[in-house]
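Once you know that position 21 of the sequence shown is 36 in our numbering, the rest is easy, because the numbers rise by one and skip nothing.
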Amino acid sequence: MRHRSSFALFLLLAGLSGFLYADDAPVRPVADLEARLEGVRSLEAAFEQVTTDKDGRAVQQSEGHLWVQTPSLFRIETSTPFVQTLVSDGKSFWAYDQDIDQVVIRNLDEDVEQVPILLLGGASQRIEDEYDVSHFADEDIEHFVLVPKSPSSLFESLTLDFTGARPVGLSISDSLGQRTHITLKDVVTNVKIDDARFGFEAPQGVDVIDDRIDQ
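Dropping the structure here:
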């Protein structure tokens, strides 16, 4: 099997009624979301990911750790149920599957629809052009719901969850009723992350498939 699918994990790669300021001036949800995202220059967190079907039954669960830093840098490591590593240095994207000793390298697709986690890595400037944004609050969590304007989108909605200025979750719903929810825990923002986190060297002996296209 040359290319083992990592799409469930890739959803993680592939991330709101209006607020009032002190002067009671209404703020558009998209402007509020962009301001919050622009305030996150880096993020480190543990995560739990659960995918449910249209009946709400859990069909896949995973957990691990992630690091994100602008511009377009990220590293995602899952520990269960499979040991996988996804890395971007802003240009190339590595997907390492330890169980089958395989690394696939591609050019990084900076389309937020393909890689939602890029919303946490500096892609917020594209939100208003590509999504309708709404907002609602649930106890101490505020939810920003992004609905794609394009009818050919890969998903029906993407929800970003915040507690204050801190991202705490991400959900993606598709046209078949499947929903993937990522809960972020032990979140640390705006701390410099070692550049080595965003590089990848294939372990000796693994199968390396380089699908990058020179640009």
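Where a beta carbon is used, it is the ideal one built from N, C-alpha and C, also for glycine.
- The C-beta distance from Asp-114 to Val-98 rounds to 6 Å, short enough to meet the 8 Å contact threshold.
- The beta-bridge partner set that DSSP reports for Ile-156 consists of Asp-153.
- In the DSSP assignment, Asn-122 is bridged to Ser-107.
- A Cβ-Cβ separation of about 16 Å leaves Ser-186 out of contact with Leu-133 under the 8 Å criterion.
- Between Arg-56 and Thr-85, the C-beta gap is smaller than 8 Å, which places the two residues in contact.
- By the Cβ neighbour-count rule, Thr-174 is buried, with 16 or more other Cβ atoms within 10 Å of its own.
- Taking one beta carbon from each stretch, the stretch 188-207 and the stretch 62-73 have 3 or more pairs nearer than 8 Å; the two touch.
- Taking C-alpha positions only, Ala-152 is separated from Thr-178 by approximately 10 Å.
- Contact check for Glu-59 and Gly-79: beta-carbon distance about 12 Å, past the 8 Å limit, so the pair fails to qualify.
- Collapsing the DSSP output to three states places Arg-72 in coil.
- In this structure, Phe-215 places its C-beta atom within 8 Å of the C-beta atom of Tyr-111.
- Annotation for Leu-161: Tyr-146, Val-148 and Leu-173 place their beta carbon closer than 6 Å to its own, counting only its chain and skipping 5 residues before and after.
- The straight-line gap separating the alpha-carbon atoms of Arg-72 and Asp-229 is approximately 43 Å.
- For Glu-92, no alpha helix (DSSP H) segment is defined; the enclosing uninterrupted segment is the beta strand (DSSP E) at 88-95.
- For the alpha helix (DSSP H) assignment, the uninterrupted runs of no fewer than 4 residues enclosed by the stretch 133-217 are, from N- to C-terminal side, 142-145.
- As a beta-bridge residue in DSSP terms, Val-223 pairs with Val-118.
- Rounded to whole angstroms, the separation of the alpha carbons of Pro-44 and Pro-166 is 22 Å.
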